[in-house]
Amino acid sequence: MKRFNKILLLAVVSAFVVTGTAVFANGTQEKTSAAKAETTKANIQRVVLNNNKPGGDLEIFSWWAGDEGPALAALIKVFKKHYPNVNVINATITGGSGVNAKAVLKTRMLGGAPPDSFQVHAGQELIGTWVIANRMVDLTPLFKQQGWMKVFPKDLLNLIGTKDGIWSVPVNIHRSNVMWYVPDNLKKWGVTVPKTWDEFFKEADKLQAKGIVPLALAQAWTVNHLWESVALGVLGADNYEALWKGNLSWTDPKVVKVWETMDRILKYTNKDAASLSWQQATDMVVKGKAAFNIMGDWASGYMSTTLKLTPKKDYGWAPSPGTSGNFIFLADSFGLPVGAKNPDATVAWLKVCGSKEGQDAFNPLKGSISARTDSDLSLYNVYSKSAAKDWASNRIVGSLTHGVVANEGFMNDFSSVMEMFLNNRNAQQAANACQAIAIQNGIGK
Amino acid sequence: MATTISRIHRRDIIKSVLIVLPSIILIGIFVYGFIGNTIYTSLTDWGESAGLALHPVKHFVGLNNYKKLFTDIIQNRFRQDLVNMVFYSIFLLTGTLSLGLFLAVLLDRSVKYEGFFRTVFLYPMSLSFIVTGTIWRWLLAPSGGVNLIPEIFGLPRGKFLWISNRQTILIFNWQNVLTILLVPFTLLMIYLLIKNFIKADIKKGIIYSIAAFFFLLYIFVLRNILPPVLPYKEPHGFKLATIGIIIAAVWQYSGYTMALYLAGLRGLPASIREASKIDGATEFQYYLKIAIPNIRPITLSAVIILSHISLKLFDLIYAMAGADNINTGHPSINMYLTTFRANQFAMGAAMAVVLFIIAALFIIPYMVHSHKERKSG
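Here the protein sequences come in this chain order: A and B. For the first sequence, counting from 1, position 336 maps to 336 in our numbering; every step adds exactly one. Plus 1000 on top of the position in the second sequence (first one is 1) and you've got our numbering.
Have a look at this one:
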């Protein structure tokens, strides 16, 4: 009898497991055939422009709380001025660079309840996750109607679109390849701002002899951030772009050289990098413990707003070594997901996001520059003015760490490869591993 | 008369079944059904492309994901995570058990203000791992906290990089992983074998000798004939960066084992202690030879609880070292990143299933054991 009970219990449990498997398996098999039919049709939804007066609720999903809150509020204020009938629901989920917001967004999209518009890094982070899944609406007609094809740089439009369309409206532009320093300190130490990595190594030896850290570095992602600047500096813009298009192999000697340069650079960085935040690395430069720091231009916002330093006088900047004339950009953008409840209001929102008025209200507060080449520069601070000048004239390439050139799968795996490299400093092995993850994530050939 | 009794009995059975039925169905769907779903997902390629489509395309790929986890060069990180997990478990168990027992013995000797000390030692357990992690991240910062302690005594400041350390010790080649796992088992089998033959329990002795024979056969013969588990050498080992995490975890859970042990020690009848004193045993001998063997069931449940905590260690590492610090990595963090950051749902599910199997290896023998005990007791 007791034995019988045991067997019965086991049978019931395994029945549940098996039916669980079977039910879902059946469900997905049916779905599989349906999905195949859908993808073969490749029906890309295109935005429909009409003259309806937008109204109702508009849910805007973003991770702009805290410091960036006021900038978003300013943008929403502009929207309200033009469309007073729309009730804006400002749904923010805190967490730097959207870690939490992205996870919540994925569950909402999978559950079939997309917000009307959501913040996303423009480029492959959007394309590799949502566009290939057929979840975004092509915005090309809107871009043409609003004349954005002309005011946004062509390089930018290429990087945020695919051959099938343009998928989101960039609201702001940040620059990734900026090297920060304190001019007075450099004068004191007798060091000039290096234009190439070879120059950097020469200056770095001098600095190290004085007991100063040549290059301040922080935790994991800032190393990836440094890597993209090094890669652009060593490879040049053409090869850098070829890498992401799959036209240049990751095991090419040129790319191995990037890792070798990286290895040399890391010898001139602080030992405790992995336990610092990016602000602490910037602090090292400000306090005179380190000479240089390569960080995105949110560091300018941190130094001018939080630390109350004057740009150009208290801190200076230059393109990272070997990258002058090039601009590694990253952008936050908004798009229109398939199945959004109120597409008219979303299109209205996107119009404001891309407008000169909207961008010039948002960006001075965010510390970024406008994606448009015709923005009113008098509204921006000294650093942003110089960045905007470069934005209009430089060759524009995309950032890896911030989602422009590679999809989320590659970005995640690249972090692991970088950690492996930091542990064993084996350039060839890192290059091989990158080739493997590039193939797995559909970048390389 | 007999029929009425059986009728009442039957009604009781129906009632009791009806009462437990809802929870059986709910647990069946939401626990076992979803375990089944995860296992199925792990056998597909969901996430290879367009994983987040409204109707994602999934193909059945068999055990391919598991094969990748244990052989693919990209999944090197997962294998190191497994090694880390073993070390986390070993050190968390030995640390909390020994420290907890030590504290319990100290308190057992009826000290003044015992209630106060008990609360102090137990208090860390009431914190969440995120809080513990944040506190210890500050304490173990390279230029602050613990590293400043030597300065108080006029010594130079400590330079140890606690969490950002990149050193590895006890390095072994992953190709030898099976051998390394089997050696302790073989030694255990040989020990049991000898013990049973001395006790003249031939039947058990034969079972153990067969097991030992196969293990030895693998270690000395098959290992050299079979193809290696990996085509290339891959070093793994004990990462020094995990020491910081282990310290924080031990700090948090030794109070808990103390409470368990203290209850056990208090549960022993006072007559045993008196009898041992009369027989001339010292205090040390009493604890070592009498008290500790008598509270073995408590050690066993503490081991089970702590080992499954170390299998689920996620928030502490996340708060202390961040998700991308590979040296303090844990399969659970890797699983989260693979699933929700890289969108590789099938691979993430495969990691979850591996973790599930390892956890089951701990829990199921314990359940069987306690079930048997309950029946015999």
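All C-beta atoms in this analysis are idealised placements derived from N, C-alpha and C, irrespective of residue type, glycine included. Keep in mind it's a predicted model, so treat the numbers as computed, not measured.
Nearest CA to the CA of V352 of chain A: which residue from A:Y83, A:D314 and A:D57?
Position 352 of the first sequence, counted from the start, is the residue given in the question as residue 352 of chain A. Of the listed residues, the one whose Cα sits closest to V352 of chain A is A:Y83.
Report, in whole angstroms, the separation of the C-beta atoms of S1301 of chain B and F1314 of chain B, which I expect to be a contact under 8 Å.
Taking the first residue of the second sequence as position 1, residue 1301 of chain B is located at position 301. Taking the first residue of the second sequence as position 1, residue 1314 of chain B is located at position 314. Their Cβ separation, rounded to whole angstroms, is 23 Å, which puts S1301 of chain B and F1314 of chain B out of contact at 8 Å.
Between the beta-carbon of V1250 of chain B and the beta-carbon of G1095 of chain B, is there less than 8 Å?
Numbered from its first residue, the second sequence carries residue 1250 of chain B at position 250. Numbered from its first residue, the second sequence carries residue 1095 of chain B at position 95. Yes, Cβ-Cβ distance for V1250 of chain B and G1095 of chain B is below 8 Å.
Among B:Y1191, B:S1098 and B:G1205, which one has its Cα closest to the Cα of F1197 of chain B?
Residue 1197 of chain B sits at position 197 when you count from the first residue of the second sequence. In this structure, B:G1205 is the residue among B:Y1191, B:S1098 and B:G1205 with its C-alpha nearest to the C-alpha of F1197 of chain B.
If you draw a straight line from the alpha carbon of I1298 of chain B to that of P214 of chain A, how long is it in whole angstroms?
As a working note, residue 1298 of chain B is residue 298 in the second sequence. As a working note, residue 214 of chain A is residue 214 in the first sequence. C-alpha separation (whole angstroms): 56 Å.
Touching or not, the stretch 430-444 of chain A and the stretch 234-254 of chain A, by the rule of three or more beta carbon pairs under 8 Å?
Judged by Cβ distances under 8 Å, the stretch 430-444 of chain A makes contact with the stretch 234-254 of chain A, as three or more pairs qualify.
Nearest to L1099 of chain B by CA position, among B:A1275, B:K1199 and B:Q1252, is which residue?
Reading the second sequence from its first residue, position 99 is the one you call residue 1099 of chain B. Closest by alpha carbon: B:Q1252.
Quick one: grab the DSSP three-state call for I1074 of chain B.
What you label residue 1074 of chain B is simply residue 74 of the second sequence in a count that begins at 1. Looking at I1074 of chain B - three-state DSSP - the assignment turns out to be coil, as it is neither helix nor strand.
If we count the other Cβ atoms within 10 Å of its Cβ and call it buried at 16 or more, is E1274 of chain B buried or exposed?
Here the question's residue 1274 of chain B lines up with position 274 in the second sequence. Per the 10 Å Cβ criterion, exposed.
For T165 of chain A, decide whether its Cβ has a neighbour in chain B, counting only Cβ atoms nearer than 8 Å.
Against the first sequence, residue 165 of chain A aligns to sequence position 165. Note on residue identity: the sequence assigns Gly, not Thr, to residue 165 of chain A. No, no contact with chain B.
Between which two residues does the beta strand (DSSP E) harbouring D82 of chain A extend?
In the first sequence, the residue the question calls residue 82 of chain A occupies position 82. Note that residue 82 of chain A is His in the sequence shown here, rather than Asp. Taken as a continuous stretch (DSSP letters only), H82 of chain A belongs to no beta strand (DSSP E), being part of the alpha helix (DSSP H) at G69 to H82.
Kindly indicate which residue of B:K1239, B:A1352, B:A1200 and B:G1329 has the alpha-carbon position closest to the one of T1339 of chain B.
Here residue 1339 of chain B refers to the residue found at position 339 when the second sequence is read from its first residue. For the residues B:K1239, B:A1352, B:A1200 and B:G1329, the minimum Cα distance to T1339 of chain B belongs to B:A1352.
So does the stretch 340-356 of chain A actually touch the stretch 183-197 of chain A, counting three or more Cβ pairs closer than 8 Å?
no
With C-beta atoms as the reference, is V1303 of chain B less than 8 Å away from L1092 of chain B?
The residue given as residue 1303 of chain B occupies position 303 in the second sequence. The residue given as residue 1092 of chain B occupies position 92 in the second sequence. No, the pair does not count as a contact, with Cβ atoms beyond the cut-off.
Should P1180 of chain B go down as buried or exposed, given a rule of 16 or more other Cβ atoms within 10 Å for buried?
Within the second sequence, residue 1180 of chain B is the residue found at index 180, counting from 1. Note on residue identity: the sequence assigns Ile, not Pro, to residue 1180 of chain B. An exposed status is given to I1180 of chain B, since fewer than 16 other beta-carbon atoms sit within 10 Å of its beta-carbon.
For the structure I just gave you, are there three or more beta carbon pairs, one from the stretch 116-125 of chain A and one from the stretch 326-341 of chain A, closer than 8 Å?
yes
Shorter than 8 Å from the beta carbon of I1005 of chain B to some beta carbon of chain A?
As a working mapping, residue 1005 of chain B is identified with position 5 in the second sequence. It does not: the Cβ of I1005 of chain B has no partner Cβ on chain A nearer than 8 Å.
Taking Cβ positions, are L1082 of chain B and Q1075 of chain B nearer each other than 8 Å?
As a first step, residue 1082 of chain B is located in the second sequence; it is residue number 82 there, counting from the start. As a first step, residue 1075 of chain B is located in the second sequence; it is residue number 75 there, counting from the start. No; because the gap between Cβ atoms is not below 8 Å, this pair is not in contact.
Between the C-alpha atoms of R1007 of chain B and V1020 of chain B, what's the straight-line distance to the nearest angstrom?
Translated into positions along the second sequence, residue 1007 of chain B becomes position 7. Translated into positions along the second sequence, residue 1020 of chain B becomes position 20. C-alpha separation (whole angstroms): 20 Å.
Can you confirm whether Q279 of chain A, when its beta carbon is compared against all beta carbons of chain B, has any partner nearer than 8 Å?
As a first step, residue 279 of chain A is located in the first sequence; it is residue number 279 there, counting from the start. So no, Q279 of chain A is outside the interface.
By the criterion of Cβ-Cβ separation under 8 Å, what are the contact partners of I1202 of chain B in chain A?
As a working note, residue 1202 of chain B is residue 202 in the second sequence. Simply none; closest approach about 27 Å.
Give the DSSP-derived three-state secondary structure of G288 of chain A in the structure shown.
Taking the first residue of the first sequence as position 1, residue 288 of chain A is located at position 288. Here G288 of chain A sits in coil by DSSP.
Considering only the alpha carbon of each residue, which of B:V1183, B:M1367, B:G1255 and B:S1042 lies closest to K1058 of chain B?
Position 58 of the second sequence, counted from the start, is the residue given in the question as residue 1058 of chain B. Here the closest residue by C-alpha is B:S1042.
In the stretch 1325-1350 of chain B, which residues sit with their C-beta less than 8 Å from some C-beta in chain A, listed in chain order?
Taken in chain order, the members of the stretch 1325-1350 of chain B whose beta-carbon sits within less than 8 Å of a beta-carbon on chain A are N1325, I1326, N1327, L1337, T1338, F1340, R1341, A1342, N1343 and Q1344.
Quick one: any contact between the stretch 236-244 of chain A and the stretch 282-295 of chain A, if contact means 3 or more CB pairs under 8 Å?
No, the stretch 236-244 of chain A is not in contact with the stretch 282-295 of chain A.
Against chain B, does V352 of chain A count as a neighbour if the rule is that its beta carbon must be under 8 Å from one of theirs?
Taking the first residue of the first sequence as position 1, residue 352 of chain A is located at position 352. Taking Cβ atoms only, chain B never reaches closer than 8 Å to V352 of chain A, which makes this a no.
Quick check on the DSSP output: the beta strand (DSSP E) that includes A216 of chain A runs from which residue to which?
Start at 1 with the first residue of the first sequence, and residue 216 of chain A comes out as number 216. Unbroken beta strand (DSSP E) run through A216 of chain A: V213 to A216.
Look at R175 of chain A and A392 of chain A and say whether their C-beta atoms are less than 8 Å apart.
By one-based count along the first sequence, residue 175 of chain A stands at place 175. By one-based count along the first sequence, residue 392 of chain A stands at place 392. Contact: no.
Would you mind reading off the limits of the alpha helix (DSSP H) that contains I1202 of chain B?
Your numbering for residue 1202 of chain B matches position 202 in the second sequence. That run of the alpha helix (DSSP H) goes I1202 to L1217.
Exposed or buried, W148 of chain A, counting other C-beta atoms within 10 Å across all chains shown (16 or more means buried)?
Reading the first sequence from its first residue, position 148 is the one you call residue 148 of chain A. Buried, because 16 or more other Cβ atoms sit within 10 Å of the Cβ of W148 of chain A.
Can you list, in chain order, the residues of its chain whose CB lies under 7 Å from that of A218 of chain A, leaving out five sequence neighbours each side?
Residue mapping note: residue 218 of chain A aligns to position 218 of the first sequence, counting from 1. If we look at A218 of chain A and ignore the five residues flanking it on each side, its Cβ neighbours are A273, L276, S277, W278, Q280 and A281.
Going along chain A, which residues have a C-beta under 9 Å from A1319 of chain B?
Within the second sequence, numbered from 1, the residue matching residue 1319 of chain B stands at position 319. Near A1319 of chain B there are no residues of chain A at all, since even the closest Cβ is about 13 Å away, more than 9 Å.
In the stretch 1298-1369 of chain B, which residue ranges form an unbroken beta strand (DSSP E) of at least 3 residues, counting only runs that do not cross its ends?
none
Provide the residue span of the alpha helix (DSSP H) that contains W1138 of chain B, from first to last.
In the second sequence, counting from the first residue as 1, residue 1138 of chain B sits at position 138. Run containing W1138 of chain B: F1129 to L1139, per the alpha helix (DSSP H) assignment.
Spatial neighbours of Y268 of chain A within its chain, please: C-beta separation below 6 Å, excluding the five flanking residues on both sides.
Position 268 of the first sequence, counting from 1, holds the residue named residue 268 of chain A. A204, P214 and L215.
Comparing the C-beta of I1163 of chain B with each C-beta of chain A, is any distance below 8 Å?
As a working mapping, residue 1163 of chain B is identified with position 163 in the second sequence. Output row for I1163 of chain B: interface = yes.
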